[in-house]
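Numbering (the numbering used here), first residue to last: 11 to 132. Even glycine gets a Cβ: it sits at the ideal position worked out from N, Cα and C. Here is the structure we will look at.
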């Protein structure tokens, strides 16, 4: 069981990184000055960023539940004792804020991708 939990923890961290990178890529895409002239070409990129970001976020949530349920047995640091709990709370408040910002950016880029065909039809 310890190997499965360890693998879940690694994949949880990887999914967190993939979500962050997809949200950052979407953010930079939205800020790109050449976006107006190349929206149609970017449609597959936009779609891919949104899919990868949402899949990663789903894995973060599912893997995070498993990680939370097994935390005390596999990751609890005795030397830190109960002092680690407030740090974990602060960490998750920061990460929840970043996830919220990432979701907003992915939503905006998704909305932009949906509007590409409508703009070109005019």
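According to the neighbour-count rule (16 or more other Cβ atoms, all chains shown, within 10 Å of its Cβ), is residue i buried or exposed?
i	result
residue 27	exposed
residue 17	exposed
residue 40	exposed
residue 22	buried
residue 119	buried
residue 116	buried
residue 45	exposed
Quick one, which of the options has its alpha-carbon nearest residue i's?
i	options	result
residue 36	24, 56, 45	56
residue 123	70, 103, 61	61
residue 111	23, 21, 33	33
residue 13	117, 47, 84, 59	84
residue 31	107, 77, 100, 59	59
Once the 5 residues before and after residue i are set aside, which same chain residues still bring their CB inside 7 Å of it?
i	result
residue 80	15
residue 25	66, 69, 70, 73
residue 87	94
Start and end of the alpha helix (DSSP H) containing residue i?
i	result
residue 54	49-84
residue 15	12-41
Just to confirm my understanding: we take residue i, look at its own chain, exclude 5 residues before and 5 after, and list those with CB closer than 8 Å. What are they?
i	result
residue 132	Interpretation of residue 132 is limited by its pLDDT of 45, a score under 50 that renders its predicted location unreliable; no figure is taken from the coordinates.
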